[in-house]
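Engineer: Residue numbers (the working numbering): 24 to 421.
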């Protein structure tokens with residue numbers, strides 16, 4: 024009715040504008056939004072994508088499956104006896120040391136690892152459990168080549184990667200145990216360059232380790248295969264961020280205590296992604312749950328197990344107090360106590376093993392919590408039968 028009251032010229036202009044707006048809306052509906060290449064790769068889910076990537080990597084033969092074995096591995100560190108007050112690093116003790124520096128403090132050789140023998144299989148994710156100071160970190164650092172060697176810290180034993188032992192000439196150099204670059208280590212602390220973004224950090228790790236072998240291997244295949252491999256490789260950093268749930272903060276600075284950046288949980292995800300982006304065949308993740316909530320820890324451990332099962336990688340994770348859901352994400356478990364291995368094997372066999380020794384887990388007790396307590400003296404007295412009281416870590420619980 025309002026339109027009829029206008030002059031004919033104005034009526035035609037209003038109708039023309041309305042028709043143009045309607046045609047524009049139809050055009051927008053007909054146009055398809057651009058498809059994100061990463062979302063396209065993830066259309067079949069994380070497992071489907073990793074299966075395709077693993078197939079391409081097997082064609083390149085860059086990282087074969089590697090089984091890690093260790094035999095009679097021992098590590099001894101000389102420390103100041105903890106019973107002395109001077110062993111505690113306080114300002115009072117430091118001032119006291121100025122006047123008593125000539126006194127010799129009593130030192131003791133602590134057996135961190137005591138002739139441990141075992142193996143980590145490819146395609147399996149292994150959880151290491153044990154109370155504090157049980158030797159979990161030292162075992163992982165020995166396999167990852169992060170142990171500090173000196174006159175006070177001595178290492179002995181045999182470590183093999185896919186059946187090949189370390190070169191004795193390169194085994195001791197600059198105070199560290201040298202291992203092949205196929206082993207990646209995720210430390211407890213998140214150490215990053217705070218001024219880099221999340222995307223730059225992942226790209227830097229990928230470029231430093233993964234680019235050179237790829238360029239050398241692509242010349243052996245037909246152009247179609249080369250194009251496909253390069254496409255996946257170019258998007259590997261984006262895919263890694265998507266798998267770990269940090270792609271939405273890809274352009275955010277990592278940050279630090281003095282520079283605002285990503286959250287603590289996102290930083291821990293970044294630490295894991297940085298090592299996984301290097302395509303290490305063996306990954307050692309040491310106490311990755313430090314400062315994380317249970318949901319974030321569960322997500323990271325689930326991703327690590329998927330990588331292990333599909334990509335045939337050897338992934339080992341140590342946790343202090345995992346939830347039942349996180350515990351059940353792993354394939355195998357290794358229980359340590361006082362530098363010894365009390366058990367190593369599948370998750371569904373650990374409770375029957377300890378029950379055979381006389382240690383029964385109560386029905387209302389979490390399995391992970393039980394395994395960490397049963398290796399302690401008070402745990403042996405709490406859960407053990409009278410016939411099991413003689414079992415000790417040194418005796419191997421056998």
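Glycine is no exception: its CB is placed at the ideal position from the N, C-alpha and C atoms.
Small disclaimer: the values here were computed from a predicted structure and weren't measured.
#1: Buried or exposed, going by whether 16 or more other CB atoms sit within 10 Å of the CB of residue 207?
#2: I need the boundaries of the beta strand (DSSP E) containing residue 133, first residue and last residue.
#3: Looking at the secondary structure, which residues open and close the beta strand (DSSP E) in which residue 7 lies?
#4: My parser needs the alpha helix (DSSP H) runs of 4 or more residues fully inside the stretch 245 to 310; what are they?
#5: Taking buried to mean at least 16 other C-beta atoms within 10 Å of its own C-beta, is residue 272 buried or exposed?
#6: Reducing DSSP to helix, strand and coil, say where residue 156 ends up.
#7: Quick one: Cα of residue 425 to Cα of residue 293, how far?
#8: Are residue 296 and residue 267 touching if we call contact CB-CB under 8 Å?
#9: Measure the C-alpha to C-alpha separation of residue 153 and residue 135 and round it to an integer number of angstroms.
#10: May I have the straight-line CA-CA distance separating residue 130 from residue 174, to the nearest angstrom?
#11: Return the first residue and the last residue of the alpha helix (DSSP H) that residue 384 is part of.
#12: Go ahead and label residue 156 buried or exposed: buried means 16 or more other beta carbons lie within 10 angstroms of its beta carbon, across all protein chains shown.
#13: For residue 202, name the three-state secondary structure that DSSP assigns.
#14: Helix, strand or coil for residue 367 per DSSP?
#15: Which residue comes first and which comes last in the beta strand (DSSP E) that contains residue 216?
#16: Can you find at least 3 beta carbon pairs, one from the stretch 224 to 232 and one from the stretch 299 to 314, that sit closer than 8 Å?
#17: Measuring CA to CA, which of 181, 382, 176 is closest to residue 139?
#18: Enumerate in chain order the residues of its own chain whose CB-to-CB distance from residue 346 is below 6 Å, with the five nearest sequence positions on each side excluded.
Structural biologist: Straight from the coordinates:
#1: buried
#2: 130 to 143
#3: What is shown of the chain runs 24 to 421, which leaves residue 7 out entirely.
#4: Counting only runs of at least 4 residues, the stretch 245 to 310 fully encloses the following alpha helix (DSSP H) elements, listed from N- to C-terminal order: 246 to 257, 259 to 267, 287 to 299.
#5: With at least 16 other beta carbons inside 10 angstroms of its own, residue 272 counts as buried.
#6: coil
#7: Coverage of the chain is limited to positions 24 through 421, which leaves residue 425 absent and any answer about it impossible.
#8: yes
#9: 13 Å
#10: Put simply, the backbone Cα of residue 130 is about 13 Å away from that of residue 174.
#11: Note, residue 384: premise wrong, no alpha helix (DSSP H); not H, not E.
#12: That one is exposed.
#13: coil
#14: strand
#15: Residue 216 -> no beta strand (DSSP E), and no H or E assigned at all.
#16: yes
#17: 181
#18: 317
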